[in-house]
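A.B. asks: Per numbering that gives the first Met the number 0, residue 0 is the first one in the sequence shown, and the count goes up by one each step.
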Amino acid sequence: MKLLGRVAIAAVVLVVVYGLFIRVSEQSWLFDPSPYPVGPWYNQSIYHAQDIRFPARDGSQLDAWWVPTLGPRRTVLFFHSRRGNLSDQAERIQRLQLLRSNVFALDYEGYGKSQGQPSLAHMLQDGESAYQYLTKVKKIPPQRIVVEGDELGSAVAAAVAARHPQVAALVMESPFPSIHALGNAMMPLAGWFMSGDLGVLKNVRSYPGPKLFLYGGNDANVPPQLSHQVYQAASAPKMEHEWPGATQDHLVIDAGPSWSRWMETFYVKAKLAPMAPTPRYPKPALKVGGR
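(1) Consult DSSP for D218 and reduce its assignment to one of helix, strand or coil.
(2) Going by beta carbon distance, what residues of the same chain come within less than 6 Å of Q228, once the five residues before and after it are set aside?
(3) Runs of 3 residues minimum, wholly inside the segment 152-187: which ones carry the beta strand (DSSP E) assignment?
(4) Out of L123, S257, F30, P71, which has the shortest C-alpha to C-alpha gap to D57?
(5) Less than 7 Å between the C-beta atoms of L53 and L76, yes or no?
(6) DSSP on S100, reduced to helix/strand/coil?
(7) Taking 8 Å as the threshold, find out whether the segment 136-145 comes into contact with the segment 106-120 through three or more Cβ pairs.
(8) Touching or not, the segment 65-74 and the segment 112-130, by the rule of three or more beta carbon pairs under 8 Å?
(9) Output the distance between the C-alpha atoms of E127 and K201, rounded to the nearest integer angstrom.
(10) Which whole-angstrom value is the C-beta distance of G152 and F212, which I expect to be below 8 Å?
(11) Assign L97 to one of two classes, buried (16 or more other C-beta atoms within 10 Å of its C-beta) or exposed (fewer than that).
(12) By a C-beta neighbour count over all protein chains shown, 10 Å radius and 16 as the cutoff for buried, is I45 buried or exposed?
(13) Since V203 and A232 are thought to touch, with beta carbons under 8 Å apart, how far apart are those beta carbons, to the nearest angstrom?
(14) With the cut-off set at 7 Å, would you say D62 and S118 are in Cβ contact?
(15) Near I92, what residues of its chain come up, given a Cβ to Cβ distance below 6 Å and the 5 sequence neighbours on each side ignored?
(16) Count the other CB atoms, across all protein chains shown, that sit within 10 Å of the CB of H249; report buried if there are 16 or more and exposed otherwise.
(17) I'd like the list of long-range same chain contacts for V159, defined as Cβ closer than 6 Å, with 5 residues on each side in sequence excluded.
(18) Would you mind stating whether I178 and G198 have Cβ atoms separated by less than 7 Å?
(19) Using CA atoms only, rank isn't needed, just tell me which of Q116, Q247, V170 is closest to A154.
(20) Taking just the CA atoms, how far does S234 sit from G208?
(21) Can you tell me whether D31 is buried or exposed? The criterion is at least 16 other CB atoms within 10 Å of its CB, across all chains shown.
(22) Pull up the distance between the alpha-carbon of A219 and that of M193, whole angstroms please.
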């Protein structure tokens with residue numbers, strides 16, 4: 000009995016120590032930002048991305064890219080994952096442009112050129128700040144906005160869509176049902192010691208517009224069953240697709256042209272904002288001889 004008691008006490012001590020380790024180090028392993036100048040920032044000039052600066056709720060300056068396209072059919076408000084920064088999104092931006100979408104992509108606090116420190120609360124606030132800038136400063140009507148997010152950014156996108164149900168659509172890549180589920184997928188039992196509630200399932204149930212869920216079947220960061228749980232909890236109308244060999248880090252690349260086809264199919268079925276009129280340029284004047 001004494002031996003069993005000692006084993007039980009040791010187990011409790013180990014659990015407490017492990018829990019304290021998770022809580023203390025949560026910030027360092029949950030967020031993996033790349034501050035400027037880390038990353039391929041030359042992509043900004045390649046895609047003619049305009050640097051946009053605006054304040055976060057706490058006063059920190061946020062950085063975003065505004066990437067317009069000719070004859071846009073919609074504007075995509077994009078939130079990236081918990082790793083890297085805006086400069087890593089070149090492939091996605093290019094494909095969205097080819098689908099004739101404007102892109103407004105945000106770097107959260109502590110990422111890229113944005114000031115401040117990352118946290119779950121800050122990410123949700125930063126997402127709302129980006130939406131307010133897009134609608135009030137850029138004057139983009141909500142009915143022409145598709146809110147899209149990748150991994151942790153998908154939770155930010157769902158929060159924005161739920162708060163502003165008039166937006167045209169919601170796209171979630173590699174979503175997860177809760178921060179606890181994400182933590183458990185990253186480290187054994189870690190989720191039980193993590194704080195914060197992103198309200199993902201509640202948000203996908205409450206947002207009434209069309210929803211698309213995309214994820215990879217070979218994802219070590221967000222297992223596909225977690226993404227499927229989010230799809231199951233979402234209200235209709237909704238669509239879902241899994242690429243068996245794809246990972247979250249390289250979903251757009253791993254999916255290949257199929258990614259663009261799924262996005263285009265979703266845009267058509269969702270009956271999003273109609274195509275903008277094609278710009279009309281003056282006919283060239285033909286002059287023969289003379290000055």
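For glycine and all other residues, C-beta sits at the position ideal for the given N, C-alpha and C.
C.D. replies: Quick look at the numbers:
(1) Sequence index remark: in the sequence shown, residue 218 carries index 219 (1-based). In the displayed model, D218 falls within coil according to three-state DSSP, outside both helix and strand.
(2) Here residue 228 corresponds to residue number 229 of the sequence shown, with the count starting at 1. Counting only Cβ-Cβ distances below 6 Å, and skipping sequence neighbours, we find P176.
(3) Fully enclosed beta strand (DSSP E) runs of 3 or longer: 168-172.
(4) Here the question's residue 57 lines up with position 58 in the sequence shown. Comparing alpha carbon positions, the residue from L123, S257, F30, P71 closest to D57 is L123.
(5) Your numbering for residue 53 matches position 54 in the sequence shown. Your numbering for residue 76 matches position 77 in the sequence shown. In the sequence as displayed, the identity of residue 53 is Phe instead of Leu. It is not a contact, given that the beta carbons lie outside the stated cut-off.
(6) In the sequence shown, residue 100 corresponds to position 101, counting from 1. Strand.
(7) Too few Cβ pairs lie closer than 8 Å, so no.
(8) Remark: fewer than three beta-carbon pairs, one from each stretch, lie closer than 8 Å, so the segment 65-74 and the segment 112-130 are not flagged as touching.
(9) Stepping through the sequence shown from its first residue, residue 127 is reached at position 128. Stepping through the sequence shown from its first residue, residue 201 is reached at position 202. Per the coordinates, the alpha-carbon of E127 lies some 17 Å from the alpha-carbon of K201.
(10) The residue you call residue 152 lines up with position 153 of the sequence shown. The residue you call residue 212 lines up with position 213 of the sequence shown. Actually they are not in contact, since the Cβ atoms of G152 and F212 sit about 14 Å apart, beyond 8 Å.
(11) Taking the first residue of the sequence shown as position 1, residue 97 is located at position 98. By the 10 Å Cβ count, L97 comes out exposed.
(12) Here residue 45 refers to the residue found at position 46 of the sequence shown. Counting Cβ neighbours within 10 Å, I45 comes out exposed, since fewer than 16 surround it.
(13) Start at 1 with the first residue of the sequence shown, and residue 203 comes out as number 204. Start at 1 with the first residue of the sequence shown, and residue 232 comes out as number 233. Sure, about 6 Å apart at Cβ, within 8 Å.
(14) In the sequence shown, the residue the question calls residue 62 occupies position 63. In the sequence shown, the residue the question calls residue 118 occupies position 119. Not in contact: D62 and S118 (Cβ atoms no closer than 7 Å).
(15) Position 93 of the sequence shown, counted from the first residue, corresponds to residue 92. Leaving aside the five residues that flank I92 on each side, the residues in its chain whose CB is nearer than 6 Å to its CB run, in chain order, Y46, V66, V102.
(16) Counting from one through the sequence shown, the residue named residue 249 turns up at place 250. It is exposed - the Cβ of H249 has fewer than 16 other Cβ atoms within 10 Å.
(17) Position 160 of the sequence shown, counting from 1, holds the residue named residue 159. Around V159, the same chain offers G126, Y130, V146 as residues with beta carbons nearer than 6 Å, after the five sequence neighbours per side are excluded.
(18) Position 179 of the sequence shown holds residue 178. Position 199 of the sequence shown holds residue 198. Inclusion of I178 and G198 in the CB contact set at 7 Å is not warranted, their separation being larger than that value.
(19) Taking the sequence shown and counting its residues from 1, the one referred to as residue 154 is at position 155. When each option's Cα is compared against that of A154, the closest is V170.
(20) Within the sequence shown, residue 208 is the residue found at index 209, counting from 1. Within the sequence shown, residue 234 is the residue found at index 235, counting from 1. When rounded, the distance between both Cα atoms is 9 Å.
(21) One-based indexing of the sequence shown puts residue 31 at position 32. Counting of Cβ neighbours within 10 angstroms places D31 among the exposed residues, the total staying below 16.
(22) Numbered from 1 along the sequence shown, position 220 holds the residue referred to as residue 219. Numbered from 1 along the sequence shown, position 194 holds the residue referred to as residue 193. Approximately 19 Å, taken between the alpha carbons.
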